[in-house]
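Peer 1:
Numbering (full-length UniProt numbering), first residue to last: 1 to 289.
1) Look up residue 1 in the DSSP assignment and say whether it is helix, strand or coil.
2) Give me the Cα-Cα distance between residue 208 and residue 100, rounded to the nearest whole angstrom.
3) Just verifying my parser: in three-state terms, what is the DSSP assignment at residue 352?
4) What three-state label does DSSP hand residue 47 in the structure shown?
5) Could you give the distance in angstroms between the alpha-carbon of residue 1 and the alpha-carbon of residue 92?
6) If you check the beta carbons only, do residue 166 and residue 142 fall under 8 Å apart?
7) Less than 8 Å separating the beta-carbons of residue 153 and residue 170?
8) Find out if the Cβ-Cβ distance for the pair residue 119, residue 269 is shorter than 8 Å.
9) Give a yes or no on contact between the stretch 247-264 and the stretch 122-134, applying the rule of three or more CB pairs nearer than 8 Å.
10) Beta strand (DSSP E) containing residue 219: first to last residue?
11) Report buried or exposed for residue 86, applying the criterion of at least 16 other Cβ atoms within 10 angstroms of its Cβ.
12) In whole angstroms, what separates the C-alpha of residue 237 from that of residue 231?
13) Please tell me whether residue 228 and residue 135 are closer than 8 Å, where the distance is taken between their beta carbons.
14) By the three-class DSSP mapping on this structure, what secondary structure does residue 252 have?
15) Tell me, please, which residues DSSP counts as bridged to residue 89.
16) On a Cα-Cα basis, can you pick out the residue from 162, 282 and 96 that is closest to residue 104?
17) Between 37, 283 and 277, which has its C-alpha nearest residue 89's C-alpha?
18) Between which two residues does the beta strand (DSSP E) carrying residue 131 extend?
19) Roughly how many whole angstroms lie between the Cα atoms of residue 162 and residue 253?
20) Residue 54 lies in the beta strand (DSSP E); which residues open and close that run?
21) Report the option in 94, 206, 50 and 31 whose CA atom is closest to the CA atom of residue 69.
22) Starting from residue 145, trace the alpha helix (DSSP H) both ways and give me its first and last residue.
23) Taking the runs of the alpha helix (DSSP H) that are 4 residues or longer, which of them lie wholly in the UniProt domain "RCK N-terminal" (148-190)?
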C-alpha cells in the first residue's frame, strides 16, 4: 500500500493543515476545493489511492452528502473505500463509522481523542463568546449567563465567562456534572426547573451546547425579549429558532466556530492529533524536526 494522504474539505483549517503536512514532507493529494465539474471518477481514484483520508470538517452537514462543493453522497464515498485505509475527521456519524468497521476501514473522529477534544473545546468557547459579543448590544461583564450542558464545551464556556466576570448558571441533567459545576462556584439548574418559563427571565445570554431540543417556545416565552442566544450544538441545535424569529429574540446557530475564528490554532490541534496516531505516514527524516 502507498502512503499518500488525501485532504478533503474547504474549511480554512484544511488550508493550514495542508501547509503543515507539506512542511513535514508528507505526500498529500490535495482535493480541498474541487471545481463544480470535477469528475466523480477522478475523485474516486483519489480516494482509492490514499492510505489516510482527512475528511471535510465537519464530515457532513445533512447526514447524506459529504461537506464538499461537489455532490458525493456518504454512501457513494463509503463504496470507494477499501480495507486498510484510515479516515480522520470530525463529526463523522456513528452509522458511517460502523459501516467503515465492517469494511475494515479505520475511522477516527477527533472528538473521540481526549486531548484534541479538550483543546478544541477551548477554541469553541472563545468563538461562542465572540459571537455573543457581536450579536448583543450589551456586555458580558457582570451579566447573567446560562450555559446549557456541562460537557467539554460547556465547561470551557463557563470558565471563560467567569473570567469575564459574568455571573454563570449551569444547566444539566447529570447530577455528577451539576455537583462539579457547583464545586467550581457556579449556580445550577436542572431541566425540570425549565418548566417554569419565568426561570429564564433574568438571563441576558444563553449558550446552548445540548444537541437535542431543549428550549421550546413554551420555555423561551419567559426569556427577556433582548436575550442573546448562541447555540453551538450540532445541527439543528437545541433552540426553537422559528419562535425566536417570530418573537424578535436574537438566536444564532453557530457551528464550526474554531474554523471561523481560529483556523490556524484549530489546525495545529488536529495536526498534533494526527501525529499521535500509530501508522500516520510521516517521513522518518521529519519526526524530530
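Built from N, CA and C at the ideal position, the CB exists for glycine as well.
Peer 2: To lay it out plainly:
1) Per-residue confidence for residue 1 stands at a pLDDT of 44, beneath the threshold of 50, marking its modelled position as unreliable; the derived number appears in the next sentence. Of the three classes helix, strand and coil, the one that applies to residue 1 here is coil, per DSSP.
2) Straight-line Cα distance between these residues: approximately 31 Å.
3) Since the first residue shown for the chain is 1 and the last is 289, residue 352 is missing from the structure and cannot be characterised.
4) helix
5) Note that residue 1 scores 44 on pLDDT, short of 50, meaning its location in the model is unreliable; the coordinates nonetheless yield the value given after this. Between residue 1 and residue 92, the C-alpha separation is close to 25 Å.
6) yes
7) no
8) yes
9) The stretch 247-264 vs the stretch 122-134: in contact.
10) Looking at the DSSP string, residue 219 is not in any beta strand (DSSP E); the run it does join, the alpha helix (DSSP H), is 217-220.
11) buried
12) 6 Å
13) yes
14) Residue 252 carries a strand assignment under DSSP once its states are collapsed to helix, strand and coil.
15) 109
16) 96
17) 277
18) Looking at the DSSP string, residue 131 is not in any beta strand (DSSP E); the run it does join, the alpha helix (DSSP H), is 114-135.
19) Near 22 Å, if we compare the C-alpha coordinates of residue 253 and residue 162.
20) That run of the beta strand (DSSP E) goes 52-54.
21) 31
22) Careful: residue 145 lies outside any alpha helix (DSSP H), inside the beta strand (DSSP E) at 144-148.
23) 152-163 and 175-183
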